[in-house]
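Protein chains in written order, with the numbering used here: chain L, 4 to 420; chain A, 4 to 420.
Glycine included, every Cβ here is placed at the ideal spot set by N, Cα and C.
Number of protein chains: 2
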Amino acid sequence: MVNQLKGAAIIGQSGGPTAVINASAYGVIRTALDDPNITKVYGAAHGIRGILDDVLYDMDQEDEKELALLLHTPSSALGSVRYKLKDSEEDPRDYERILEIFKKYDVRYFFYNGGNDSMDTCNKISKYMQKVGYECRIMGVPKTIDNDLWGTDHCPGYGSAAKYVATACMELYHDARVYDTGIICVIEIMGRHAGWLTAASSLATYMGSGPDLIYLPERVFDLEAFKADVKRVYEQNGKCIVAVSEGVQDKDGKLIAEYGAADAKVDAFGHKQLGGLAATLAHELRNAINTKVRPIELSLLQRCAAHCASATDVQEAFMAGKAAVECAVSGITDKMVGFARETDASGNYRCTIKLVDLAEVANAEKKVPDAWINAEGNGLLPPFIDYALPLIQGDPERPLENGLPRFVKLKKIRAQA
Amino acid sequence: MVNQLKGAAIIGQSGGPTAVINASAYGVIRTALDDPNITKVYGAAHGIRGILDDVLYDMDQEDEKELALLLHTPSSALGSVRYKLKDSEEDPRDYERILEIFKKYDVRYFFYNGGNDSMDTCNKISKYMQKVGYECRIMGVPKTIDNDLWGTDHCPGYGSAAKYVATACMELYHDARVYDTGIICVIEIMGRHAGWLTAASSLATYMGSGPDLIYLPERVFDLEAFKADVKRVYEQNGKCIVAVSEGVQDKDGKLIAEYGAADAKVDAFGHKQLGGLAATLAHELRNAINTKVRPIELSLLQRCAAHCASATDVQEAFMAGKAAVECAVSGITDKMVGFARETDASGNYRCTIKLVDLAEVANAEKKVPDAWINAEGNGLLPPFIDYALPLIQGDPERPLENGLPRFVKLKKIRAQA
């Protein structure tokens with residue numbers, strides 16, 4: 004028998020954006036709006052910050068068709084935040100304020116869409132509400148291009164970012180082959196601690212036009228070995244494409260990106276110019292190999308390139324949001340919606356929902372398995388390809404206006420309790 | 004009466020690649036293969052270099068379906084080159100060698116696909132062949148993301164690059180609005196002397212989510228005025244997105260990109276290889292405004308992002324290649340295929356072919372009209388939007404394999420005379 008609970012719902016978004024975090028928000032909002040147990044649906048402006056500041060938007064007042072554009076709008080439409088709650092024992096003020104707002108709006112459902120810090124936030128709020136005896140169902144909806152959340156096969160947001168990275172690498176591979184002169188390209192890819200996104204560049208290699216060398220933060224980065232690798236490939240092919248995670252560190256745990264700080268160029272005004280990792284490595288390679296070296300930072304586009312999203316990712320992101328509401332309404336709380344990978348009778352990939360304890364996922368990190376990285380630490384092995392390929396399938400039908408993306412324009416009408 | 008000429012054709016590609024230069028090559032190759040006057044179709048490896056080195060590929064031996072993938076493959080499938088022919092009076096050796104190869108393969112048609120340097124090459128070869136009395140029809144097929152070719156309304160390659168730039172700017176705009184904290188983004192866009200591509204970022208602004216400030220090389224760049232502009236917008240909105248052309252110069256003609264890097268490399272045409280402008284400006288802004296400043300280089304992707312091509316551009320690029328062959332077969336020589344803009348009875352954009360003297364277009368440059376730039380020199384006016392919007396329309400149906408682009412794989416079988 005379902006344990007019925009009537010009341011309002013809040014959806015918040017947290018952490019860095021992805022191409023599909025709004026698809027998950029849409030999964031939550033659409034499902035919540037349609038559920039008779041949920042009396043009102045509020046969007047928190049900038050996640051937990053919007054709750055603390057009492058800035059909530061009334062989702063019931065948004066236009067239905069406009070709202071559906073969330074499926075194809077990158078970044079966080081409600082606004083995101085990086086705000087870490089203190090332990091309630093240490094400082095209960097934030098929690099008291101959240102409780103006050105929950106009571107003010109009769110909030111009985113809270114959905115938080117984010118990475119591992121956000122799951123920690125969810126978990127802390129959930130524990131506090133249980134402690135003070137306020138009935139409220141709290142569900143985490145995962146998102147991260149980093150794909151490093153514990154307890155789920157993969158994270159919404161990863162498939163699209165991976166597709167963008169692989170596509171960009173294929174295009175850069177062809178670009179680097181335009182002239183009959185030598186060139187080395189160093190492509191810097193996001194991922195501080197986990198190399199999932201950098202590993203996605205190997206999908207381009209699998210397709211025959213990708214990086215020759217790929218370095219993940221899961222392995223110690225040795226600058227001399229790196230230079231020797233590049234030199235070997237370059238001398239053989241006259242070209243070398245390298246993909247490297249922004250988070251690679253040396254054996255002492257020092258970020259390679261910080262090597263550049265010491266011999267940074269000084270500009271005309273006497274200011275030191277700090278480059279990124281790609282610029283630092285390009286500088287090292289120019290000193291070691293006499294050829295053109297081009298550093299390329301994929302930069303923010305890898306997390307917001309909705310124009311190159313994976314249809315599978317968009318659909319799964321929506322499904323995660325929808326499942327969070329359905330589970331909560333059915334009586335479940337204190338869980339993150341995760342994905343399990345199944346294989347159907349024909350051997351095809353299938354993604355199903357599993358539930359993970361918030362406490363289990365909060366602040367844990369999932370890295371690329373060591374067995375999926377080659378012995379030399381400069382490439383990926385077939386199990387990674389098998390893992391990643393199903394996640395990047397399909398081009399979503401994205402609405403265009405004037406040949407450009409038609410992103411959602413929310414009214415954002417402030418909620419009245 | 005058509006002046007019939009039977010013989011082989013060579014197609015070469017030159018200069019920096021675009022997302023659709025191969026669509027033009029396909030227009031040439033497909034049309035030439037189907038024309039009874041053209042006995043053989045050869046692709047020159049790396050443009051004029053492949054002719055000098057006698058490295059020609061036999062296009063008749065390529066698979067028909069595979070060849071059609073040229074429509075959606077970025078970069079130069081035959082290979083490109085930056086090689087400047089000396090005047091034949093000064094040094095006739097290259098010309099004698101080209102004539103020798105033309106005779107060896109009975110080449111009576113030469114199609115060269117490139118920017119203004121390539122039109123100069125075309126023109127010089129054409130004049131030499133006329134001088135020595137070797138009958139050969141020579142046609143230029145334009146391409147450049149820079150859109151700076153004289154005598155044509157616009158250039159194949161521009162529409163796709165413009166669409167990528169505008170789309171990326173829209174996505175970055177949304178990304179910059181994720182957090183409730185201040186941020187300034189400086190987006191560096193290609194274009195040394197002409198600001199067409201940087202101007203395309205204003206299409207994002209027109210759509211409601213683009214740069215606040217846009218700086219083209221057509222106007223003198225004043226660093227102090229720039230900082231004041233950014234400060235004003237930032238203080239008003241808490242965010243500021245700036246698009247700036249890599250080629251902006253100060254009143255003394257010094258590149259702003261060089262304020263930071265004293266030792267920019269120079270290529271075979273004497274063009275300085277720029278880069279690092281965004282980083283330089285970001286550094287300046289950090290010293291002037293106390294907030295997060297993010298430099299973003301759109302880098303090579305703006306010229307090779309076939310995944311975000313304009314269907315209009317792909318179709319027009321093909322049409323340009325096709326028209327070059329049809330004109331040459333009908334007796335025309337010594338011309339570049341250009342585009343004229345017409346308006347049909349319903350007021351819709353229509354693109355037709357016009358022919359331009361090679362001599363007229365060689366080494367000339369077309370800049371953004373001064374009247375299309377605002378008085379402050381930090382934004383575009385409506386005539387630019389009217390000009391650019393028709394060029395970015397439509398998403399081409401691009402073939403995918405494993406969720407990734409399926410680019411052409413040519414056999415590249417060496418030609419036998």
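Is it buried or exposed for residue i, if we count other Cβ within 10 angstroms and need 16 for buried?
i: A/G278; result: With a pLDDT of only 47 at A/G278, under 50, the local geometry of the prediction cannot be trusted, and the value read off the model is given with reservation. Buried, by the Cβ-count rule.
i: L/E404; result: exposed
i: A/V359; result: buried
i: L/E65; result: buried
i: A/S302; result: buried
i: L/H196; result: exposed
i: L/T346; result: exposed
i: A/D37; result: exposed
i: L/P372; result: exposed
i: L/I376; result: buried
i: A/E249; result: buried
i: L/V223; result: exposed
i: A/K87; result: exposed
i: L/N1; result: Only positions 4 to 420 of chain L appear in this structure, which leaves residue 1 of chain L out of reach.
i: L/E300; result: buried
i: A/K9; result: exposed
Cβ closer than 7 angstroms: which chain A residues qualify as neighbours of residue i?
i: L/L396; result: Residue identity differs from the one stated: residue 396 of chain L is Gln in this sequence, not Leu. Ordered by position in chain A, the residues that pass the 7 angstroms Cβ test against L/Q396 are G406.
i: L/C354; result: In chain order: nothing, as chain A lies at least about 15 angstroms away.
i: L/I299; result: S302, L303
i: L/S313; result: G406
Between residue i and chain A, is there a C-beta pair that is closer than 7 angstroms?
i: L/A12; result: no
i: L/C125; result: no
i: L/M173; result: yes
i: L/L392; result: yes
i: L/P20; result: yes
May I ask which residues mark the beginning and end of the alpha helix (DSSP H) holding residue i?
i: L/I148; result: Careful: L/I148 lies outside any alpha helix (DSSP H) and carries neither H nor E.
i: L/E345; result: Premise fails: L/E345 lies in the beta strand (DSSP E), 338-346, not in any alpha helix (DSSP H).
i: A/R306; result: 304-307
i: L/T170; result: 161-179
i: L/C330; result: 314-332
i: L/D389; result: 385-391
i: A/T283; result: 280-291
i: A/Y182; result: Run containing A/Y182: none; DSSP gives neither H nor E here.
Hey, quick one: how far does the beta strand (DSSP E) through residue i stretch, first residue to last?
i: A/Y2; result: Since the first and last residues shown for chain A are 4 and 420, residue 2 of chain A lies out of range.
i: L/D97; result: Premise fails: L/D97 lies in the alpha helix (DSSP H), 96-107, not in any beta strand (DSSP E).
i: L/P298; result: 295-300
i: A/Q16; result: 10-16
i: A/F114; result: 110-117
i: A/G241; result: A/G241 -> no beta strand (DSSP E), and no H or E assigned at all.
i: L/V44; result: 41-47
i: A/Y218; result: 216-218
For chain L, check one thing: does any of its Cβ atoms lie closer than 7 angstroms to the Cβ of residue i?
i: A/A271; result: Any answer about A/A271 is weak, because its pLDDT of 48 lies below 50 and its placement is not dependable; what the coordinates show is given next. No, because no Cβ of chain L sits closer than 7 angstroms to the Cβ of A/A271.
i: A/P145; result: no
i: A/V245; result: no
i: A/H75; result: no
i: A/V23; result: no
i: A/K275; result: Because the pLDDT at A/K275 is just 46, under 50, the model does not fix this residue reliably, and the value given afterwards should be weighed accordingly. No, no contact with chain L.
i: A/H49; result: yes
When DSSP labels each residue in this structure, what does residue i get in the three-state scheme?
i: A/R33; result: helix
i: A/I259; result: coil
i: L/S248; result: strand
i: L/C354; result: strand
i: A/C188; result: strand
Can you list the residues of chain L that residue i reaches, using a CB-CB cut of under 9 angstroms?
i: A/G82; result: R180, V181, Y182, D183
i: A/H177; result: P20, T76, P77, S78, S79, A80, C307, A309, F410
i: A/L206; result: N405, G406, L407
Interface residues of chain L around residue i at Cβ under 7 angstroms?
i: A/A169; result: L407
i: A/H157; result: None at all; the shortest Cβ gap to chain L is about 14 angstroms.
i: A/K166; result: G406
So with CB distances below 9 angstroms, who are the chain A contacts of residue i?
i: L/M210; result: E404, N405, L407, P408, R409, F410
i: L/R52; result: D183
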